Amino acid sequence: MCSPGRGGSRPWVRSWVSGVRGCRAQELGPRALYSAQPSAKVSSSRSNLGLCSGFFESGSGGEGGKGGRGGWGPLRLPVATRAVLITGCDSGFGKETAKKLDAMGFTVLATVLELNSPGALELRACCSPRLRLLQMDLTKPADIRRALEFTRAHTTSTGLWGLVNNAGFNDIVADVELSPVATFRTCMEVNFFGALELTKGLLPLLRHSKGRIVTVGSPAGDMPYPCLAAYGTSKAAMALLMDSFSCELLPWGIKVSVIQPGCFKTESVRNVSQWEQRKQLLLANLPQELLQAYGEDYIEHSHGQFLHSLSLALPDLSPVVDAITDALLAARPRRRYYPGRGVGLMYFIHYYLPEGLRRRFLQNFFINPCLPRALRPGQDTPQALKPNPNPSPVAAR
Numbered sequence: 001m002c003s004p005g006r007g008g009s010r011p012w013v014r015s016w017v018s019g020v021r022g023c024r025a026q027e028l029g030p031r032a033l034y035s036a037q038p039s040a041k042v043s044s045s046r047s048n049l050g051l052c053s054g055f056f057e058s059g060s061g062g063e064g065g066k067g068g069r070g071g072w073g074p075l076r077l078p079v080a081t082r083a084v085l086i087t088g089c090d091s092g093f094g095k096e097t098a099k100k101l102d103a104m105g106f107t108v109l110a111t112v113l114e115l116n117s118p119g120a121l122e123l124r125a126c127c128s129p130r131l132r133l134l135q136m137d138l139t140k141p142a143d144i145r146r147a148l149e150f151t152r153a154h155t156t157s158t159g160l161w162g163l164v165n166n167a168g169f170n171d172i173v174a175d176v177e178l179s180p181v182a183t184f185r186t187c188m189e190v191n192f193f194g195a196l197e198l199t200k201g202l203l204p205l206l207r208h209s210k211g212r213i214v215t216v217g218s219p220a221g222d223m224p225y226p227c228l229a230a231y232g233t234s235k236a237a238m239a240l241l242m243d244s245f246s247c248e249l250l251p252w253g254i255k256v257s258v259i260q261p262g263c264f265k266t267e268s269v270r271n272v273s274q275w276e277q278r279k280q281l282l283l284a285n286l287p288q289e290l291l292q293a294y295g296e297d298y299i300e301h302s303h304g305q306f307l308h309s310l311s312l313a314l315p316d317l318s319p320v321v322d323a324i325t326d327a328l329l330a331a332r333p334r335r336r337y338y339p340g341r342g343v344g345l346m347y348f349i350h351y352y353l354p355e356g357l358r359r360r361f362l363q364n365f366f367i368n369p370c371l372p373r374a375l376r377p378g379q380d381t382p383q384a385l386k387p388n389p390n391p392s393p394v395a396a397r
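So for the sequence shown, UniProt numbering puts the first residue at 1; every next one is plus one.
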């Protein structure tokens, strides 16, 4: 950390310190900053903090971020005859974004996993005839090819203005050693390779319209959230891919934005029974030596803390929907959006504080694992973890 003499000359450091002091006086921890409902005290501390509303707005805006805000401003493009493809509209951000854009007058092409899912039926019931539903599984190349043909056929008169890569997948909360490699592959197939194939296939249409690519990422792709390595790795790959697209497609007039939302209460977050089933499946398929080394209570403890963090998620999805809308319509959209209370503070801690403090913050904020069984005092070390007293010459080398 900066010494008082060095830090005192930086206005944003003074602003951050005063904000933290204000939060401490109000007994607000990181969880409160991240998930508490709005109140006068929280609002005043956030204005003192100057991070969520100012630090990343000035530092990570889109084009022309010098004088303006680069987005969220009055310079908006007209909606008339614009078509947008949104993936993952069965629930959550995708479904709510499809509803909003349809109400604004967009021609919305919404992909869903199942055409008869509750989310798909809701979209049919409440949206205009302009909205078209398409079944697509991003792990199946045939579905992606069909989606490309569908999009070309339904945008001949309007062109394709935007692609919203929203579909995402995660089905495990566990340490890397405890997570099946198959889960890493599935996360990469949905969150990276499927989105990559779809985006590449739509680039001719987007180059013609000089349109937009908007991708829903995650802070877990920028910082090592405990027990989310499979999901975070895929989101990190996707964020870097979008940065590459942003540079390469700039001469074509295509603008690329990544949304990095905080924790919001989507349908998957609310489905506690689903997470319980996945935990039981993990325990049932874990090799016995790993179960002995870590202990079932280790997994139960991490799972319980994960569910507690989800209970603090924000129920109002509109900040993310508004960010996606702004990325599609702002004359100068940002390259990064950070909707969600406390996300700016998280990124400040991640980039500017020592590694030990960053790790402790994420553990206290999200999941703070207990000690594995084999490392607890008085516990016998499992045979699989004991060193071989007589290593072979080959092993010794």
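Backbone N, C-alpha and C define an ideal beta-carbon position, used for all residues, glycine too. Just so it is clear, the structure is predicted and the values come from calculations on it, not from any experiment.
List the endpoints of the continuous alpha helix (DSSP H) containing residue i.
| i | result |
| --- | --- |
| residue 405 | Residue coverage of the chain in this structure runs from 1 to 397, which leaves residue 405 outside it and unanswerable. |
| Q363 | E355 to F365 |
| L205 | A195 to S209 |
| G92 | G92 to M104 |
| V79 | It is not in any alpha helix (DSSP H) - V79 carries neither H nor E in the DSSP assignment. |
Going by C-alpha distance, which of the options is nearest residue i?
| i | options | result |
| --- | --- | --- |
| N165 | E122, A153 and C89 | C89 |
| E122 | K140, E96 and P141 | E96 |
| F150 | F184, H208, I86 and L312 | I86 |
| residue 398 | L202, A330, N170 and L328 | Not covered by the structure: residue 398. The range shown for the chain is 1 to 397. |
| L281 | Q260, P372 and T183 | T183 |
| R212 | L250, T186 and M104 | L250 |
| E114 | G378, L133 and A195 | L133 |
| G105 | G342, T325 and P354 | T325 |
| P141 | G194, C247 and A331 | G194 |
| T186 | D175, E355 and D137 | D137 |
| T81 | P377, R124, H154 and I254 | H154 |
Would you say residue i lies against chain B (beta-carbon separation less than 8 angstroms)?
| i | result |
| --- | --- |
| S268 | Although the question refers to chain B, the structure presented lacks it and comprises just one protein chain. |
What residues in its chain sit with their C-beta under 6 angstroms from that of residue i, if we drop five residues either side in the sequence?
| i | result |
| --- | --- |
| E197 | I144 |
| M242 | T215, V256 and V258 |
| H303 | K279 |
| S58 | Reliability of the predicted coordinates at S58 is poor, the pLDDT of 31 falling under 50, and the value obtained from them is presented with this limitation in mind. Counting only Cβ-Cβ distances below 6 angstroms, and skipping sequence neighbours, we find nothing. |
| A327 | V214, S257 and P333 |
| F192 | S234, A237 and M238 |
| F306 | V173 and I367 |
| S128 | D102 |
| F245 | V256 |
Between which residues of its own chain and residue i is the CB-CB distance below 8 angstroms, once the five residues before and five after are set aside?
| i | result |
| --- | --- |
| Q274 | S268 |
| S209 | G159, L160 and W161 |
| R358 | M223, I349 and H350 |
| L329 | R76, L77 and V79 |
| M188 | T233, S234 and A237 |
Determine the direct distance from the alpha carbon of residue j to that of residue i, and round the result to whole angstroms.
| i | j | result |
| --- | --- | --- |
| A323 | E289 | 46 angstroms |
| Q135 | P226 | 33 angstroms |
| N368 | W252 | 46 angstroms |
| E300 | C126 | 41 angstroms |
| L375 | T233 | 27 angstroms |
| residue 434 | L286 | The structure shown does not extend to residue 434, since the chain is modelled only from 1 to 397, so the question has no answer here. |
| E177 | A83 | 44 angstroms |
| E265 | L317 | Just to set this straight, residue 265 is Lys in the shown sequence, not Glu. Rounded to the nearest angstrom, the two C-alpha atoms are 7 angstroms apart. |
| S179 | A230 | 8 angstroms |
| G342 | T156 | 43 angstroms |
| S91 | L353 | 36 angstroms |
| Q292 | N364 | 26 angstroms |
| R146 | S311 | 38 angstroms |
| G378 | R270 | 39 angstroms |
| residue 406 | G217 | The question about residue 406 has no answer, for the chain in this structure spans 1 to 397. |
Just to confirm, are residue i and residue j a CB contact at a threshold of 8 angstroms?
| i | j | result |
| --- | --- | --- |
| T139 | V190 | yes |
| G119 | V112 | yes |
| C263 | S309 | yes |
| L314 | G340 | yes |
| T199 | L163 | yes |
| L131 | A98 | yes |
| Y338 | Y347 | yes |
| L202 | L148 | yes |
| Y294 | P372 | yes |
| F93 | V272 | no |
| Q277 | P219 | no |
By Cβ distance, which residues of its chain are closer than 7 angstroms to residue i, with the 5 residues on each side in sequence left out?
| i | result |
| --- | --- |
| L283 | E296 and I299 |
| S60 | Unreliable positioning characterises S60 in this predicted model, as indicated by a pLDDT of 37, which lies under 50. The coordinate reading is nonetheless provided below. So the qualifying residues of the chain are R334, R335 and R336. |
| K100 | V321 and T325 |
| S117 | D90 |
May I ask which residues mark the beginning and end of the beta strand (DSSP E) holding residue i?
| i | result |
| --- | --- |
| T107 | T107 to V112 |
| L163 | G162 to N165 |
| A83 | A83 to I86 |
| V258 | K255 to I259 |
| L134 | R132 to Q135 |
Just checking residue i against the ligand MG - is the residue's beta carbon closer than 7 angstroms to any of the ligand's heavy atoms?
| i | result |
| --- | --- |
| M223 | Looking at this structure, you won't find the ligand MG or any other ligand, since it has none at all. |
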